[in-house]
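Residue numbers (the numbering used here): 3 to 625. Ideal placement from N, C-alpha and C gives every residue a C-beta, glycine not left out. On a predicted model such as this, the values are computed, not experimentally measured, just so you know. Remarks on the structure that follows.
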């Protein structure tokens, strides 16, 4: 019986015609020599005048090889995308990072007027001067102590103002859309400053009220960070962030702790917003934290296109309370080691494809025959590789949880976008794995399969999931939800208690909780679109809505290769077979995406797509 010798194994043609009809001309030779009986070249030589080798090569380049190579290279880039992104994210300090968050007196940063009546003298807030909404922000004893702190630390400014400072309060957040809040104090010498100034305004000082926790105060604490216009020790200092960027801060801000009973303590730590997240279990716990600072806005007011801000009347320094925020990942070295191992394993499983690609380029340069095949279409057959790729991109969930901490930083969107790409890759490849496993269910219908395009699905799914996650609204919501975790001690603002720096140990929900729609709908929609596109294409090209795999089941190799039952991305239409008379042979390119380890078929366990593809490339014309 005539056969195609490939790597020492026989690919038996279908039994569509008796063996008597097969001729010696239907044999293919090993070594890449011309094949007598090749129907395409036979037709070319009989029905048409001779065509030069240059014309044939050019046609192959334009119609087959170049598109195939582009798709293949793009597919390889796709599967190593998580590896490349990992390197970038690690270089940006995704396992430990501390960066200044941008803040300004603007509605963009959730500022809103709250009160404009408090008067401050040397004893604290003058009785009955503050509004009822201000008096209820904290317990009465704590509020009185906060007034005492402001009076003590703005003593010089108070003398300059004639004994009384006018203090405006502003709420930052305190709405359901934001989910967290703090209270800002702006002191004026002879007038009440504005929370949302339209022009630069002179102030005596600024302070922010938050909550925090310390080891020696299990009940939680109120936390005041203050800037004083006349304090000469508060000078401009440049802070270098973990990502190499810089930001001006005021040195030596005054930090004070206030208990619920009104006791006052100096604070040298400055930490608050200590929040735990568990995107990859408690072993790789993410701990976020902030240090409250006073930011100097000489540069930022230009970058942010601000029209108004507060500045010290005498220092003339534009300032605003802000934060240096960061995180730390527990057992980060272990996680990195696991990813390195998975990366190496993934590259090992891809070496055959890389080798075939390099051989293809070599053949293209030397004018030899080149085989192309749809690499991504065969991922459903290569579950080990698919699983490695998925595991490699699983940390994207952790990166996404980390990246949302940096919404208000200069490189926040870049980190979020890169993390979204890895997460999108994880879920898209995961969907392919699920589909391939579901197809193992022995449910067949007249040897017909639903076809979809794996490359179209993957590229579309990753692009649409990334685009959906990278909408500013999605990023902003995820960031605010991080700081909207259950509070240990909160502030009463706008008739509700809001988290403001101290949180319970259980932490905050993982970021995927808020991105279900941004992930599920694009993935499902992309898969449905890939089915629709291939169905329409098949109807127009082959006059059939489904893939007819009858010929595959008559082929001895494909019959043992566990052909798909009801859904596949493999190119198994009858039109992709090589027809020699009444016989149908598999193209080597189909072999390259179908062959996997098949212990039950009699192939040696060491048999891989790599060996098969290289043998096929040496014996086949471009397909």
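In whole angstroms, what is the alpha-carbon distance linking residue i and residue j?
i           : j           : result
residue 536 : residue 462 : 14 Å
residue 255 : residue 194 : 23 Å
residue 98  : residue 515 : 23 Å
residue 102 : residue 428 : 30 Å
residue 160 : residue 154 : 9 Å
residue 344 : residue 413 : 28 Å
residue 288 : residue 392 : 21 Å
residue 408 : residue 91  : 13 Å
residue 110 : residue 501 : 19 Å
residue 291 : residue 504 : 10 Å
residue 443 : residue 340 : 33 Å
residue 445 : residue 384 : 21 Å
residue 387 : residue 346 : 12 Å
residue 421 : residue 471 : 10 Å
residue 318 : residue 235 : 15 Å
residue 511 : residue 261 : 29 Å
residue 568 : residue 451 : 4 Å
residue 219 : residue 309 : 42 Å
residue 348 : residue 100 : 32 Å
residue 335 : residue 508 : 24 Å
residue 266 : residue 484 : 29 Å
residue 133 : residue 417 : 42 Å
residue 554 : residue 573 : 11 Å
My guess is that residue i and residue j are in contact by the Cβ rule of under 8 Å, so how many angstroms apart are they, rounded?
i           : j           : result
residue 457 : residue 578 : At roughly 16 Å, the Cβ-Cβ gap does not stay under 8 Å, so residue 457 and residue 578 are not in contact.
residue 281 : residue 399 : 5 Å
residue 466 : residue 528 : 6 Å
residue 210 : residue 141 : Not really, about 18 Å apart at Cβ, beyond 8 Å.
residue 437 : residue 382 : 7 Å
residue 517 : residue 480 : 7 Å
residue 315 : residue 191 : 6 Å
residue 351 : residue 390 : 6 Å
residue 263 : residue 253 : With a Cβ gap of about 32 Å, residue 263 and residue 253 do not count as contacting.
For residue i, which residues from the same chain have a beta carbon less than 7 Å from its beta carbon, with the 5 sequence-adjacent residues on both sides left out?
i           : result
residue 173 : 114, 116, 183, 185, 495, 496
residue 207 : 156, 159, 189, 228, 229, 230, 231
residue 95  : 244, 245
Please state whether DSSP places residue i in a helix, a strand or coil.
i           : result
residue 140 : coil
residue 341 : helix
residue 2   : Residue 2 is absent from the model: the chain starts at 3 and stops at 625.
residue 536 : helix
residue 567 : coil
residue 285 : helix
residue 329 : strand
residue 107 : coil
residue 446 : coil
residue 384 : coil
residue 409 : coil
residue 551 : coil
residue 428 : helix
For residue i, is the beta carbon positioned less than 7 Å from some heavy atom of the ligand FMN?
i           : result
residue 194 : Ligands are entirely absent from the displayed structure, and the ligand FMN is therefore not among its contents.
Keeping to the same chain, check which residues put their C-beta closer than 8 Å to that of residue i; ignore five residues upstream and five downstream.
i           : result
residue 540 : 453, 546, 547, 548, 549, 575
residue 432 : 392
In terms of DSSP beta bridges, what is residue i paired with?
i           : result
residue 465 : Answer by DSSP bridge pairing: none, since residue 465 is not bridged.
residue 505 : 489
residue 256 : 228
residue 194 : Paired residue(s): none; residue 194 is not in a bridge.
residue 171 : 117, 187
residue 219 : 216
For residue i, which residues from the same chain have a beta carbon less than 6 Å from its beta carbon, with the 5 sequence-adjacent residues on both sides left out?
i           : result
residue 104 : 410
residue 248 : 240, 242
residue 166 : 121, 123
residue 520 : 470, 471, 476
So with Cβ pairs under 8 Å, would you call residue i a contact of chain B?
i           : result
residue 447 : Among the chains in the structure shown there is no chain B, since it carries only a single protein chain.
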